[in-house]
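Protein chains in written order, with the numbering used here: chain L, 11 to 154; chain C, 11 to 154.
Report on one structure; see the data block that follows.
There are 2 protein chains.
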Amino acid sequence: MAHHDRGERVAFSISDLSTELGLSTRAIRYYESLGLLNPDRTTGNHRLYTRKDRARLRMIQRGRMLGFTLQEIADLLHLYDVDPSERVQYARGIELTRKHLTTVRHRIRELSLLEQELARALAEAEEKFSQLDHDPMSDQRVEK
Amino acid sequence: MAHHDRGERVAFSISDLSTELGLSTRAIRYYESLGLLNPDRTTGNHRLYTRKDRARLRMIQRGRMLGFTLQEIADLLHLYDVDPSERVQYARGIELTRKHLTTVRHRIRELSLLEQELARALAEAEEKFSQLDHDPMSDQRVEK
DNA sequence: ACACATCTTGACGCTTACGTCAATTATTTG
DNA sequence: CAAATAATTGACGTAAGCGTCAAGATGTGT
Chain L
11 MAHHDRGERV AFSISDLSTE LGLSTRAIRY YESLGLLNPD RTTGNHRLYT
61 RKDRARLRMI QRGRMLGFTL QEIADLLHLY DVDPSERVQY ARGIELTRKH
111 LTTVRHRIRE LSLLEQELAR ALAEAEEKFS QLDHDPMSDQ RVEK
Chain C
11 MAHHDRGERV AFSISDLSTE LGLSTRAIRY YESLGLLNPD RTTGNHRLYT
61 RKDRARLRMI QRGRMLGFTL QEIADLLHLY DVDPSERVQY ARGIELTRKH
111 LTTVRHRIRE LSLLEQELAR ALAEAEEKFS QLDHDPMSDQ RVEK
């Protein structure tokens with residue numbers, strides 16, 4: 011694996027990607043079983059990933075981290091590899107993308123609100139904490 | 011349930027909240043079993059929720075939608091109801107809040123990136139679509 | 001007080017997203 | 001080329017987050 015080619019690698023083994031991305035090989039194979047990936051195989055049937063596959067894996071990873079299901083991620087990814095001549099699917103794809111976009115924007119708003127609340131709570135807690143510096147309950151004087 | 015008191019209700023049954031928030035009663039009870047709620051009980055052991063409980067449920071709901079686990083949500087919620095005199099827990103709480111804040115900010119960034127990608131993909135798709143306006147495959151004229 | 005709607009606690013079921021062997025086959029390396 | 005290392009499929013296991021009965025206690029309207 012990894013013919014130290016000039017510049018960037020072109021093909022990766024499953025463990026290459028596993029190590030690089032911090033995903034288990036099981037997870038990667040599972041994603042494939044759900045149709046999120048379709049790597050080539052060597053003559054010996056070992057999976058061979060391209061940079062595109064790696065990019066897809068990164069997207070899957072991000073999607074998961076952001077709370078999307080593998081099914082949702084699959085739907086989105088499929089939009090990117092439908093044959094552009096499949097006009098019938100076009101409108102449907104646009105529709106789906108709009109829906110996801112709406113969801114994403116909604117989540118951004120919600121997360122922003124949560125951020126504000128957390129930040130406020132944190133500031134408040136920190137202030138109270140600093141005021142309790144040498145608290146009145148413990149008469150133990152720590153030096154200085 | 012709901013003694014049409016003047017102004018706002020003060021107590022809710024589990025199905026009140028279930029209906030109002032769109033959560034199953036099973037889910038609500040499950041949250042309680044994990045310690046996320048602690049409603050009072052009637053003499054007959056039926057759960058009685060306050061407005062605060064409702065607020066907590068809303069937070070749980072938001073947290074779930076944003077991809078947090080019930081355990082993470084529980085940790086955060088517990089920060090809000092520790093007795094403020096529990097100074098020992100203070101530092102820990104501040105630490106935890108900081109961590110969550112970091113996570114939230116990270117997710118906001120990731121989601122923003124995703125938003126941009128989706129928006130770009132959508133614009134691109136829409137343009138191509140509009141150029142295929144009356145596509146050469148279908149000679150069916152819809153009136154007007 | 002009666003009937004009917006609600007609620008309560010189990011307990012088992014199900015889906016998602018993998019973890020963890022196990023038995024084989026490929027590939028790599030000394 | 002033999003031994004060690006890595007990959008493959010299959011099958012079973014698991015944790016989270018509820019859904020879905022079931023059987024009985026409680027609440028409500030008349």
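C-beta atoms are modelled at their ideal positions from N, C-alpha and C, and glycine is treated no differently.
By alpha-carbon positions, which one of the options ends up nearest to residue i?
i	options	result
residue 108 of chain L	C/134, C/31, C/21, C/65	C/134
residue 111 of chain C	L/136, L/121, L/85	L/121
residue 137 of chain L	C/49, C/37, C/104, C/72	C/104
residue 131 of chain L	C/139, C/72, C/91	C/91
Under a Cβ-count criterion, where at least 16 other Cβ atoms within 10 Å of its own Cβ denotes burial, should residue i be classed as buried or exposed?
i	result
residue 63 of chain C	buried
residue 123 of chain C	exposed
residue 44 of chain C	exposed
residue 100 of chain C	buried
residue 152 of chain C	Legend: pLDDT at residue 152 of chain C = 48, less than 50; position of this residue unreliable, no value from coordinates given.
residue 149 of chain L	Residue confidence is low: residue 149 of chain L scores 48 on pLDDT, short of 50, so the model does not pin down where it sits. Its coordinate-derived value is still stated next. So residue 149 of chain L ends up on the exposed side.
What's the C-alpha gap between residue i and residue j?
i	j	result
residue 19 of chain C	residue 42 of chain C	22 Å
residue 76 of chain C	residue 117 of chain C	9 Å
residue 93 of chain L	residue 46 of chain L	16 Å
residue 24 of chain C	residue 25 of chain L	49 Å
residue 59 of chain L	residue 125 of chain L	38 Å
residue 86 of chain C	residue 114 of chain C	13 Å
residue 89 of chain L	residue 53 of chain C	57 Å
residue 80 of chain C	residue 82 of chain L	21 Å
residue 66 of chain L	residue 106 of chain L	18 Å
residue 22 of chain L	residue 61 of chain L	8 Å
residue 29 of chain L	residue 78 of chain C	25 Å
residue 39 of chain L	residue 73 of chain L	17 Å
residue 33 of chain C	residue 51 of chain C	20 Å
residue 156 of chain C	residue 140 of chain C	The structure shown does not extend to residue 156 of chain C, since chain C is modelled only from 11 to 154, so the question has no answer here.
residue 37 of chain L	residue 48 of chain C	37 Å
residue 35 of chain L	residue 84 of chain L	18 Å
residue 129 of chain C	residue 55 of chain L	38 Å
residue 127 of chain C	residue 102 of chain C	38 Å
residue 27 of chain L	residue 119 of chain C	24 Å
If residue i and residue j are in contact, beta carbons under 8 Å, what's the gap, nearest whole angstrom?
i	j	result
residue 68 of chain C	residue 31 of chain C	7 Å
| Selection of the region 114-127 of chain C by Cβ proximity to chain L, strictly under 7 Å | 114, 115, 117, 118, 120, 121, 122, 124, 125
| Short-range partners of chain C found in the region 129-140 of chain L, where Cβ spacing is below 9 Å | 129, 131, 132, 135, 136, 138, 139
| task | Could you list the residues in the region 57-68 of chain C with a C-beta less than 9 Å from some C-beta on chain L, going in chain order? | result | none
| query | Relative to chain C, which residues along the region 16-45 of chain L have a C-beta separation below 8 Å, given in chain order? | reply | none
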